[in-house]
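Peer 1: Take this structure first; my questions come after.
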Ligand code: NAP
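See below:
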């Protein structure tokens, strides 16, 4: 499918895991994709790999929490891909602490909200004027099934992911008049570095996977297809929504 031929997309945190899967899929569907994450070596490796697959990608380091990096990211995307940005997939997130909220420090809370929420807000704010000029654009926020429930040990992370549901609804509401859509994806457990505590130990893996009706954890490709749909005209009447992609897992059972 070439649903995204001629389109230009930014995917944050796209040198590994879900972001890499999404970037690859958007490029396979014809988009020019800007690859980015904090470390230059990761960006270079990923760009080389995707180019060897004949995909149209460029790359630039970008720590989403740094204003200068975000500015460079947008400028480089416009420069390299002919002055447009059709899609932003805001995928970067951190979880520096595991434990009850009562044990969470102010700095840990701030880091979670800076990267997971504030950066998503600021990056979309910075991309929206470009999309407004084009009178079209699609913003996709990568939230989590954790947005819907209190998962033990992941309190602040869960709250940050709930905030993304609200952020995307507000952007969707405010930007619809400019032809800009904004939706969320809420993945269940996807086999990446981020979730490795849940699948590297066989006992933990078996216990957790029993909570997933499809009896397996997700792969980055499972999320990538949904992102491509949300970036494409196939979802042109959809905004302010969240797609849960979790193998049928019910949040309350995690
Ligand atoms: P991952 O495999 O650990 O990938 C992390 C990526 O993020 C790397 O490319 C890393 O590259 C980059 N990164 C880290 N901090 C960054 C920052 N401050 N700015 C820019 N890039 C940064 O993680 P993942 O599992 O794919 O998670 C991606 C998203 O999916 C997150 O929003 C996560 O909350 C969400 N999610 C994941 C799961 C799951 O089970 N895996 C479930 C639900 C939701 P550098 O080191 O080069 O920066």
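In my numbering, the protein residues as written are 61 to 314. Heads up, the beta-carbon is just placed ideally off N, CA and C, and yes, glycines get one too.
Can you tell me the Cα-Cα spacing of residue 107 and residue 137, whole angstroms?
Peer 2: 14 Å
Peer 1: Along the chain, where does the alpha helix (DSSP H) containing residue 167 start, and where does it finish?
Peer 2: 166–173 is the span of the alpha helix (DSSP H), which, as asked, contains residue 167.
Peer 1: Using CA coordinates, which residue listed in 183, 265, 171, 254 is at the minimum distance from residue 220?
Peer 2: It is 171 whose Cα lies nearest to the Cα of residue 220.
Peer 1: Taking its Cβ as the centre, do 16 or more other Cβ atoms sit within 10 Å of residue 65, making it buried, or is it exposed?
Peer 2: exposed
Peer 1: Given the structure, does residue 204 come close to ligand 1, in the sense that its CB is under 6 Å from one of the ligand's heavy atoms?
Peer 2: Within the cutoff, so yes.
Peer 1: Relative to ligand 1, is the shortest distance from any of its heavy atoms to the C-beta of residue 187 smaller than 6 Å?
Peer 2: no
Peer 1: Residue 90 lies in the alpha helix (DSSP H); which residues open and close that run?
Peer 2: Careful: residue 90 lies outside any alpha helix (DSSP H) and carries neither H nor E.
Peer 1: Starting from the C-beta of residue 264, find all residues in its chain whose C-beta is less than 8 Å away, skip the five residues before and the five after it, and write them out in chain order.
Peer 2: 257, 258
Peer 1: Could you tell me whether the segment 120–136 touches the segment 178–190, where touching means 3 or more Cβ pairs closer than 8 Å?
Peer 2: yes
Peer 1: Would you check if there are 3 or more beta carbon pairs closer than 8 Å linking the segment 224–242 to the segment 273–289?
Peer 2: no
Peer 1: Considering only DSSP beta bridges, list what residue 291 is partnered with.
Peer 2: Residue 291 pairs with nothing; no bridge assigned.
Peer 1: Please classify residue 125: does DSSP put it in a helix, a strand, or coil?
Peer 2: Three-state result, residue 125: coil.
Peer 1: Cβ of residue 71 within 6 Å of any heavy atom in ligand 2?
Peer 2: Annotation note on ligand 2: not contained in the displayed structure, which lists ligand 1 as its ligands.
Peer 1: Does ligand 1 have a heavy atom nearer than 6 Å to the CB of residue 175?
Peer 2: yes
Peer 1: Sorry if obvious, but does the Cβ on residue 181 come closer than 6 Å to a heavy atom of ligand 1?
Peer 2: no
Peer 1: Restricting to runs no shorter than 4 residues, where is the alpha helix (DSSP H) found entirely within the segment 218–298?
Peer 2: 262–269, 280–291
Peer 1: State yes or no: is the C-beta of residue 70 within less than 7 Å of the C-beta of residue 94?
Peer 2: yes
Peer 1: Starting from residue 214 and walking both ways along the beta strand (DSSP E), at which residues does that stretch end?
Peer 2: Per DSSP, residue 214 belongs to no beta strand (DSSP E) and is neither H nor E.
Peer 1: According to DSSP, is residue 61 part of a helix, a strand, or is it coil?
Peer 2: The answer is coil: DSSP assigns residue 61 none of H, G, I, E or B.
Peer 1: For the alpha helix (DSSP H) holding residue 153, just list the boundary residues, first then last.
Peer 2: In the DSSP annotation of this structure, residue 153 is not part of any alpha helix (DSSP H), being labelled neither H nor E.
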